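Here the structure is laid out as structure tokens; the discussion comes afterwards.
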Amino acid sequence: MDFGFTEEQERLRTEAVEFARNELASDLVARDAESGFDRELWRRCAEFGILGSNVPTEYGGQGRDVVTTVAIMEALGYGCPDNGLTLALNGQMWAVQEPIQQFGTEEQKERYLPLLISGGYGAHAMSEPASGSDTFALETTAEKTDGGYVLNGRKTYIGLAPVCDVALVFAATDPTVGRWGITAFLVEGDASGLTKGGNQPKMGLRTGPFGDLVLEDCFVPDSARLGPEGAGASIFTNSMDWERSFIFASHVGSMARQLDDVIQYARTRRQFGEPIGKFQSVSNRIADMRLRLETSRLLLYKAAWLLDSGDAAQLYSALAKLHLSESFVASSSDAIRIHGAKGYVSEYGVERDLRDALGGVIYSGTSDIQRQVIARLMGV
Amino acid sequence: MEHAIVRFVNEELLGGNGPRVTADDEIVLDGTVDSLGVTRLVDFIETEFKLAVPAQDVTIDNFRTITTMAAYVRTRQESAATT
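Line by line, the protein sequences give chains A and B.
Using my numbering, the first residue of the first sequence is number 1, and each one after it goes up by one.
Using my numbering, the first residue of the second sequence is number 1, and each one after it goes up by one.
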């Protein structure tokens, strides 16, 4: 067992941190306040090779393994405090590009992977007004017709929906058999009958666009179906293994950055004649932050190692998703307490991490759902 | 093969409680085995019969009953043997 990165992985991580600091620096406080998505930053990430890191070279990617890609995404989060941007990147990579890689026809891979990794936008559209935790209770339908399907329904709370070039849409082709009648489709952003909603204001992650997709008699050809009819639920479950495992990869980097910041602050901020880090109430919090960071990393890379090996990772993806999301909330809260009033005001960006973190215990399956998954997969 | 799957469902998924399923019951449609149960069932089939079950193969045609699951496994095993 080896817990270290290779020299090549260390080099890539260093480059990712430098790229993030040099190329992704922007007026984040202002963009957060106005929920502004910066397409230029996305383009730079694509150009740097972030989006194509684990996409095979024949489709224009870098063809890296999962562990290496996750290491790069962690480093990106360390160098880039824009959690909305890094979350959107991870969402597209793991929940849109990965299913296309795994289940797409050669034509679909050739059409969409080069588009997405070169700066296009991909949305993963599952949630609906009446189906959240009850994931497969879909009301969106796909009716078979000559040469394709006609989709009708509404998808809600979808990352990158307002700007998407392609959406992975799950719809019921046979509503009489529940999850067994769900099918996956790749719907292009300019498809007739698809309406992309505006950016929906939210508490955190404001720099990542997010909204609804409405399908009204939206025709897609047979070639838009991803996988066989009725395999949509299994494709979705598989995509969640990837998303839940890695969507927080960059947030782990954020936790490392938070830790560096609070250590520096605790060493330099003086009260009662001493650096505040000398007080156990502060140093204990910092120790807890380190513990959360280390345990989060272990779960993150265990999941990456499992998926690199081709092993089932549903249990570990649930463990990682639960622990990383809750840890980011707890450490973001601790960072505010350590910084005091400076942590609470918007000017310094400390409070933004907590607002960004809170969504993580809801999206991609709530913490309560992850606990259910973990218990059930252990036979409880 | 059917017997091993029936036993897994009855003993592991259902915990040995309640009515016991048979090979021809539509256990994934009648709610006896839910989504997480399907995940465990797929894991069991992969481990027990030493084959990978791709997500796109987890369809109602292959998983309607334990009989159809066994038929799927046999098809995969025969395919592997001839390649």
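Quick reminder that beta carbons are idealized off the backbone N, C-alpha and C, glycines included.
Computed from a predicted model, the values in this text were never measured in an experiment.
Item	Value
Partners in chain B for A/P228, counting only beta-carbon separations shorter than 9 Å	Q56, D57, T59 and D61
Cα-Cα separation between A/F236 and A/I182, rounded to whole angstroms	10 Å
Test: A/S234 CB closer than 9 Å to a CB of chain B	yes
Ranges of the beta strand (DSSP E) found wholly within the segment 294 to 336 of chain A, counting only runs of at least 3	none
Own chain partners of A/S118 with C-beta closer than 6 Å, once the 5 adjacent residues on each side are dropped	A46
At least three beta-carbon pairs within less than 8 Å, the segment 22 to 29 of chain B to the segment 50 to 70 of chain B	yes
Contacts around A/L28, its chain only, beta-carbon distance under 8 Å, and the 5 residues preceding and following it disregarded	P81, D82, T207, G349 and R352
Boundaries (first-last residue) of the alpha helix (DSSP H) holding A/L89	N83 to Q92
Within chain B, the residues that A/N238 reaches when beta carbons sit closer than 7 Å	A55
Under 8 Å from the C-beta of B/V28: neighbouring residues of chain A	W180
Test: A/F246 CB closer than 9 Å to a CB of chain B	no
Contact set between the segment 38 to 52 of chain B and chain A, restricted to residues whose Cβ is under 9 Å from the partner	V38, T39, R40, V42, D43, E46 and A52
Per-residue contacts from B/L36 into chain A (C-beta, under 9 Å)	Q314, Q372, V373, R376 and L377
C-beta neighbour in chain B for A/A123, strict 9 Å	no
Whether A/F103 touches A/G230 by CB criterion (9 Å)	no
Beta-bridge pairing of A/E10 - partner residues as DSSP gives them	A/E10 is not bridged to any residue.
Secondary structure of A/K202, DSSP reduced to three states	coil
Segments of 3+ residues assigned as beta strand (DSSP E) that fall wholly inside the segment 110 to 147 of chain A	122 to 125 and 141 to 145
Whether A/Q97 touches A/L138 by CB criterion (9 Å)	no
B/L41, enclosing alpha helix (DSSP H) - first and last residue	S35 to E48
Helix, strand or coil at A/L51 [DSSP, three-state]	coil
Rounded Cβ spacing between A/A172 and A/L213 (contact assumed at less than 8 Å)	Actually they do not touch by this definition, with Cβ atoms about 16 Å apart.
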